[in-house]
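Trainee: My numbering numbers the first residue of the sequence shown as 689 and each following residue consecutively. Glycine included, C-beta positions come from ideal geometry on N, C-alpha and C.
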Amino acid sequence: MSKRQLNAAFDSEDFLAQYWQKKPVLLTKFIPNFSDSLAPEELAGLACEELVESRLVTEAEPGKWQLRHGPFKDSDFTQLPQSNWTLLVQAVDQWVEDVADIKTLFNFLPSWRIDDIMISFAAQGGSVGPHYDYYDVFLLQGQGERNWKVGDRCDFNAELVSGEELSLLQNFKSTMEFNLSAGDALYIPPRFAHWGTATNDSLCYSIGFRAPSMAEMIEGFSDFIIKDQDPAQRYEDSKAQAGLRRAEIKPELLDASYRQLTERLAQKQEFAGWFGCYVSQPKYPELIQPLDDELSPQDFAALLGDGVQLMKNPSSRFAFMESAAKDCVLLFVDGAMVSFSMKQLSNIVAFCEAPQIVPSSSNNLLADPEITELLRQLLNQGSLLAAD
Ligand code: SIN
Ligand code: CO
C-alpha cells in the first residue's frame, strides 16, 4: 500500500475514456502533498553507478544540446554550470523502493504496461530539447517548477535535427503550455511533441509505459512459432500449368503458400502466449541472478519454517492471462510462461498483486503445494528474493 494517494478527484474511468493514448492532459495535484523520494544529490550518486543508465544533457549555447552518457564521476557534476543542464537517470524504481512505490498508484492501468520511472534533475533553464517519445508517459513534477510546451502528434517522418544523437524536432510548434509544480502530472500520449524547461532547479519523474512495436511483434512472434515449424512444409506448386514464361512468378502459384503462411500467423492463442512472455521480459535481465546453490523442496521448506519473507525482485515482471480456450491460467514471469489449471486462478491473481509473500497474508499462497513449488522455482531463478 502506497503512502501516497492519487487526488480523490482524479477519475480514472474518465481519464481512460478521454485521454489515454488520445490527447495530453494536465492533472493538477495528481498526487497531493507530493514529497520527493530522493534528493538531487542522491540522483547524481546513482548516475555514478556502473549498473545505472544515465545521461547528461547540456545546452551549451541556445538551441545546441550536448549529450553524454553515464556512469559519471563526482567531478563531472562539480564542473557543471549553474544553469541549462539536465541529468536523466533511467529506471530509478529498480534502485529506490520509495520510487517503485509510485508505480502502485497507476493501478488503473495494467502493471505490465509500465516500463520504468526515469527521474530527471534539471538546473534552472535545463531542457532536453523538443522531441517526441514512442511511449505514453506521465511527467510527474517533484521539487521546483517546470514549464512544458506540448505540440501535436508527430508523423513518423517528422523532420529531426540532423547529426544529433538526441532525436530533436526540427520544427516544433507549441499548441499548449503548462507550468507544473510538485505533485502535478502531465500525461503525454505516444508521439506528441513536448519540450520541458526548468523554471528553477527541479525534479521530474517520468512514468513511462512500454508498448511493443509492430516490428518487434512480427519478429518476436515469428521467432516463437518458427521453433515448432515442420521443415518438410515448403512452397508447393502442384497446380503449375504448361506454357509459363520461364522467368515468371505467377501470382496464383503463391496462393497456397500465402494461405498457409497467414493461417500459421493467425493463431491468437499462440500470439497471446508470446505476447505475455514478451511484455514480461525484464528491462535489466542482468539484475535477476539465479541462486548459486539451488534450493531443494526440503531446503525451501526449512527456509520458510525459519520465517523468511519472499519479496519480488524489483527487476522481475509478472503478468497473467486467463485462457478460456485451454481452460487454464497462464502466468508470465520474466519472459517465461507457466500454465496452471483454472482452480489456481485466485492464487495466481493474489501472487501477481502481492508485493511480498508472507505466510500470514490473507491469501495464504504457501498453503498450496503447487504454488509453493512455483515459489521455490522463482526463488531459485532470482525472480523472488528471500528477506529475513
Ligand atoms: C525531462 O525529464 O526533462 C525529459 C523527459 C521527457 O521529455 O520525456
Ligand atoms: Co519526452
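Cβ atoms of TYR875 and LEU1081: under 8 Å apart, would you say?
Mentor: Residue numbering for the chain in the displayed model covers 689 to 1076; residue 1081 lies beyond these limits and cannot be assessed.
Trainee: Is there a C-beta anywhere in chain D that falls below 8 Å from the one on ARG756?
Mentor: The structure shown contains no chain D, having only a single protein chain.
Trainee: CB-CB under 8 Å to LEU793, same chain, minus the five flanking residues each way: which ones, in chain order?
Mentor: Same-chain partners within the cutoff: SER690, ARG692, GLN693, LEU694 and ILE719.
Trainee: Quick check: the segment 877-893 against the segment 796-811, are there 3 or more CB pairs under 8 Å?
Mentor: Yes, they touch.
Trainee: Taking contact to mean 3 or more Cβ pairs, one atom from each stretch, closer than 8 Å, check whether the segment 748-755 and the segment 985-1000 are in contact.
Mentor: Verdict: no, contact absent.
Trainee: Whether or not the segment 845-859 and the segment 901-916 are in contact is what I'm after, with contact meaning three or more pairs of Cβ atoms, one per stretch, closer than 8 Å; do they touch?
Mentor: No: fewer than three Cβ pairs fall under 8 Å.
Trainee: Mind checking whether TRP773 and VAL745 have CB atoms under 8 Å apart?
Mentor: A contact, by the Cβ cut-off of 8 Å.
Trainee: Decide if PRO1057 is buried, meaning its Cβ has at least 16 other Cβ atoms within 10 Å, or exposed.
Mentor: Exposed: under 16 other Cβ atoms inside 10 Å.
Trainee: Relative to the C-alpha of GLN782, which residue among LYS1031, GLN1032, ILE805 and LEU775 is closest?
Mentor: When each option's Cα is compared against that of GLN782, the closest is ILE805.
Trainee: Taking the alpha-carbon of CYS1016 as reference, which of MET1030, PHE1008, TRP800 and ALA1038 has the nearest alpha-carbon?
Mentor: Of the listed residues, the one whose Cα sits closest to CYS1016 is MET1030.
Trainee: Which whole-angstrom value is the C-beta distance of LEU979 and ASN1068, which I expect to be below 8 Å?
Mentor: That belief holds up - the Cβ atoms of LEU979 and ASN1068 are roughly 5 Å apart, short of 8 Å.
Trainee: What three-state label does DSSP hand GLN917 in the structure shown?
Mentor: Reduced to three states, the DSSP call for GLN917 is coil.
Trainee: Pick from SER901, PHE866, GLN977 and ALA930: whose alpha carbon is nearest that of PHE963?
Mentor: Here the closest residue by C-alpha is SER901.
Trainee: Given the structure, does CYS842 come close to the ligand SIN, in the sense that its CB is under 7 Å from one of the ligand's heavy atoms?
Mentor: Because no heavy atom of the ligand SIN lies under 7 Å away, the Cβ of CYS842 does not count as near it: no.
Trainee: Starting from the N-terminal side, write out each stretch of the beta strand (DSSP E) that is 3 residues or longer and does not extend beyond the segment 848-901.
Mentor: Listed in chain order, the complete beta strand (DSSP E) runs (minimum 3 residues) inside the segment 848-901 are 864-868, 873-876, 880-886 and 890-897.
Trainee: Do you know how far the Cα of GLY1023 is from the Cα of LEU828?
Mentor: Whole-angstrom Cα-Cα distance: 29 Å.
Trainee: Is it buried or exposed for TYR822, if we count other Cβ within 10 angstroms and need 16 for buried?
Mentor: Its Cβ having fewer than 16 others within 10 Å, TYR822 is exposed.
Trainee: According to DSSP, is ASP789 part of a helix, a strand, or is it coil?
Mentor: ASP789: helix per DSSP, three-state reduction.
Trainee: Less than 7 Å separating the Cβ of VAL825 from some heavy atom of the ligand CO?
Mentor: Yes, the ligand CO has a heavy atom inside 7 Å of this Cβ.
Trainee: Closer than 7 Å: is that where the CB of ASP821 sits relative to any heavy atom of the ligand SIN?
Mentor: Yes, the beta carbon of ASP821 sits closer than 7 Å to at least one heavy atom of the ligand SIN.
Trainee: Please report the Cβ distance between PHE1008 and LEU1018, rounded to the nearest whole angstrom; I am assuming they are in contact, meaning their Cβ atoms lie under 8 Å.
Mentor: Between LEU1018 and PHE1008 the Cβ distance is about 6 Å, and since that is below 8 Å, they are a contact.
Trainee: Exposed or buried, which one is LYS1000 when buried takes at least 16 other CB atoms within 10 Å?
Mentor: So LYS1000 counts as buried.
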